[in-house]
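The sequence shown begins at 20 in my numbering and counts up one residue at a time. Built from N, CA and C at the ideal position, the CB exists for glycine as well. Given the structure is predicted, the values throughout are model-derived calculations rather than measurements. Please read the structure below before turning to the comments.
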Amino acid sequence: MEKIDVNGKIFPVTVIWTKNRNAYARLRNETIIVSMPSRWPEKDREKTILSLVKRTAKEIARGRWTAEGSKKLEFFHGQRIIILGKELEVEFIQSKRFGGKLKGNKIQIKIRDHQEIKKKASQLVSKQIVKAAKPEILARIEHFNSQYFNAEISRLTLRDNISTWGSCSRVGLITLNLRLLFMPSEILDYVIVHELAHTKYMSHGKRFWGLVEKVLPDYKERRKWLRNNGWSVVPNSVDQQNFFPYGIDK
Ligand SMILES: [Zn+2]
């Protein structure tokens, strides 16, 4: 497959072969790039590429790649962020030095001039958000892991990722997308359970989904929500959480 038509606009398709374990697609500079593991079974390659391209086309049609989802998170002074039901406020403080810390409900970021170094400042905020949220996320992972999986979890990483919601390596390294923190906890839990299920089954087969369903009988709803809304979620404000169909943690 060399190109695909999305609502009258042609998007070229490029396939790159990688050493990664997972296949995925993303949009870069108006080109659909499909990353394929080189050890993917020959007979499934065509089918996988086709389905990834189709899914990406659907996402493009829905505005996923033109929206917030295609760029790194940005934070600003005075911004109020809700993470797992807890409100935090971003405060940029002018200083000769860079640095960030959590003080009460404030994320204090020392910067020289936040206009010039917006990106750097946002990275510092992300770092503090990770710090604030990690204990709670580890507790959630432990909650599901001890009940259903009993897997060895070596490390948890939270990342401002623009291509995946999560991943889990064979050695129990779990990576989650930072954006999940700004979503209802039900969605975060779904991704946690999904990744934990990968410690038992690497591919998305019947047994994999059966296991996810055993833990979260309504996982399909959550997955659908994530697909439809996930990439347009921004860590903005209280209002934003109102459109969620799920309840918010108190
Ligand atoms: Zn998966």
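Inter-residue spacing [alpha-carbon to alpha-carbon] between residue i and residue j
i	j	result
residue 199	residue 44	20 Å
residue 26	residue 72	14 Å
residue 66	residue 227	20 Å
residue 124	residue 94	16 Å
residue 106	residue 195	20 Å
residue 155	residue 201	13 Å
residue 59	residue 37	10 Å
residue 216	residue 231	6 Å
residue 23	residue 224	27 Å
residue 238	residue 209	6 Å
residue 192	residue 165	16 Å
residue 169	residue 229	17 Å
Cut-off 6 Å between Cβ atoms - residues of its own chain near residue i, not counting five sequence neighbours on either side
i	result
residue 258	Low per-residue confidence applies at residue 258: pLDDT is 39, beneath 50, and the placement is therefore not dependable, though the value from the model is reported in the following sentence. Closer than 6 Å at the Cβ level, and outside the excluded window around residue 258, lies no residue.
residue 41	none
residue 271	Outside the modelled stretch of the chain, which goes from 20 to 269, sits residue 271, for which no answer is possible.
residue 138	none
Of the listed residues the options, nearest to residue i (C-alpha basis)
i	options	result
residue 131	181, 156 and 113	113
residue 70	180, 80, 53 and 126	53
residue 249	191, 217 and 183	183
residue 79	48, 38 and 120	48
residue 251	81, 55 and 146	81
residue 186	167, 166 and 207	207
residue 12	109, 77, 241 and 74	Nothing about residue 12 can be reported from this structure: the residues present for the chain run from 20 to 269 only.
residue 218	177, 172 and 96	172
residue 150	165, 128 and 177	177
residue 56	39, 62 and 46	39
residue 75	246, 119 and 240	246
residue 144	168, 181 and 99	99
Limits of the unbroken beta strand (DSSP E) element including residue i
i	result
residue 125	125 to 130
residue 81	Run containing residue 81: none; DSSP gives neither H nor E here.
residue 111	105 to 113
residue 25	22 to 25
residue 43	43 to 47
residue 54	50 to 56
residue 118	118 to 122
residue 192	192 to 196
Own chain residues within Cβ distance below 8 Å of residue i, not counting five before or after
i	result
residue 21	31 and 32
residue 222	none
residue 152	102, 103, 177 and 200
residue 96	109, 110, 111 and 133
residue 243	none
residue 115	131
residue 157	175
residue 233	167
residue 235	208, 209, 212 and 241
The alpha helix (DSSP H) enclosing residue i, as first and last residue numbers
i	result
residue 31	Note, residue 31: premise wrong, no alpha helix (DSSP H); beta strand (DSSP E) at 28 to 37.
residue 164	Careful: residue 164 lies outside any alpha helix (DSSP H) and carries neither H nor E.
Own chain partners of residue i with C-beta closer than 7 Å, once the 5 adjacent residues on each side are dropped
i	result
residue 211	159, 160 and 163
residue 213	185 and 231
residue 265	Interpretation of residue 265 is limited by its pLDDT of 33, a score under 50 that renders its predicted location unreliable; the figure taken from the coordinates is listed afterwards. Counting only Cβ-Cβ distances below 7 Å, and skipping sequence neighbours, we find 203 and 205.
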